[in-house]
Amino acid sequence: MRSVSSVVLAVTALIIAVPATAQAEPSDSEGNSRTVAQGVFTRYQESAAAITYAPELVPPGARMAVFAESSPGEGTSVAAVLEGLRPNRTYGAHVHTRPCGAEGSDAGPHFQRVPAPEGVSGDPAYANPSNEIWLDFRTDAAGNAVSGAFGEWNPHRGDASSVVIHEHRTRTAPGAAGEAGARLACLNVAF
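In mature numbering (1 follows the signal peptide of the UniProt record, and there is no 0), the protein residues as written are -24 to -1, 1 to 167.
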C-alpha cells in the first residue's frame, strides 16, 4: 500500500491536470481498490461533482481532489488536496454516507466503520478519527491545503459517497465529538 505522502503527491498531480470526475477502479485480484474524485466547486446543479453551500468560505472556482486506496488487512489511505479556499483558515472535513445534493444535509451523516447505535450522537467512542474518516485542514496564505488520513476503514459505495467540508475543526469532547459546524461544501466521491 502507498503511504499517505505518496497518495498526496498523486492527488496533487490530479487536481492540476484533470477535469471534474469521480471514479472507482474495480478491485484487483488481491482486493485492492482505488478511488479518485476531483471537482471545481460551483453552486448546486444536478450534474455538479463539487458543490459550495457557502461561497464566502468555499468560493466558486475553488478545487478539491480526493484519492483513496484500500488493501484488505492493511487499511485505507485517504488524501485530499484543495486549492482556492479562504487563506489561513481551519476547516473540518469528513467522509459522509450519501452523495452531495442541493442542501448540505443531503450528504447524510459521517461514514463510520462501526456505526453508532440509533440516536447516539457526540459520543467519542463512535465519533473519532479511528472510526470516522476525518480530513480537517488549514489553508496556507494562498488558500491551498493538503490533508490525509490512514485507518482500518473499508469505505465503499453505499456507505460512503462524499467528502463534506465543514465550518471549523472537528470537536472531540463528549457530547460534541464529531461536530464541525455548518456544511460549507461537498465533493462526490465514488468510494
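C-beta atoms are modelled at their ideal positions from N, C-alpha and C, and glycine is treated no differently.
First through last residue of the beta strand (DSSP E) which encompasses residue i
i    : result
E155 : Taken as a continuous stretch (DSSP letters only), E155 belongs to no beta strand (DSSP E), as it is neither H nor E.
V16  : 9 to 16
F43  : 39 to 47
G60  : Looking at the DSSP string, G60 is not in any beta strand (DSSP E), and its letter there is neither H nor E.
T28  : 26 to 28
H142 : 138 to 142
A101 : Looking at the DSSP string, A101 is not in any beta strand (DSSP E), and its letter there is neither H nor E.
Y67  : 66 to 72
V122 : 121 to 127
Under 9 Å between C-beta atoms of residue i and residue j
i    : j    : result
F113 : A69  : yes
A103 : A153 : yes
C76  : V34  : no
P63  : T115 : yes
P150 : G127 : no
A161 : T28  : yes
H72  : A125 : no
L61  : A38  : yes
E155 : G98  : yes
Where residue i falls, given that 16 or more other Cβ within 10 Å makes a residue buried
i     : result
E32   : exposed
V165  : buried
S53   : buried
P(-6) : Low confidence applies here, because P(-6) scores a pLDDT of 49, under 50, leaving its location unreliable; read the following figure in that light. Flag for P(-6) reads exposed.
V96   : exposed
G157  : exposed
E22   : exposed
A117  : exposed
E45   : buried
A78   : exposed
Integer-rounded CB distance, given that residue j should sit under 8 Å from residue i
i           : j    : result
V16         : A30  : V16 to A30, Cβ: 16 Å. No contact.
residue 201 : A83  : Summary: the structure shown does not reach residue 201, with the chain confined to residues -24 through 167, and so no result is reported for it.
F167        : T18  : Not really, about 22 Å apart at Cβ, beyond 8 Å.
S138        : L163 : 6 Å
N120        : E59  : 5 Å
A100        : T148 : The residue you asked about is not Ala; residue 100 is Pro in the sequence shown. Yes, they are in contact, since the Cβ atoms of P100 and T148 sit about 6 Å apart, within 8 Å.
S81         : R145 : Wrong, their Cβ atoms sit about 20 Å apart, outside the cutoff.
I109        : P93  : Wrong, their Cβ atoms sit about 20 Å apart, outside the cutoff.
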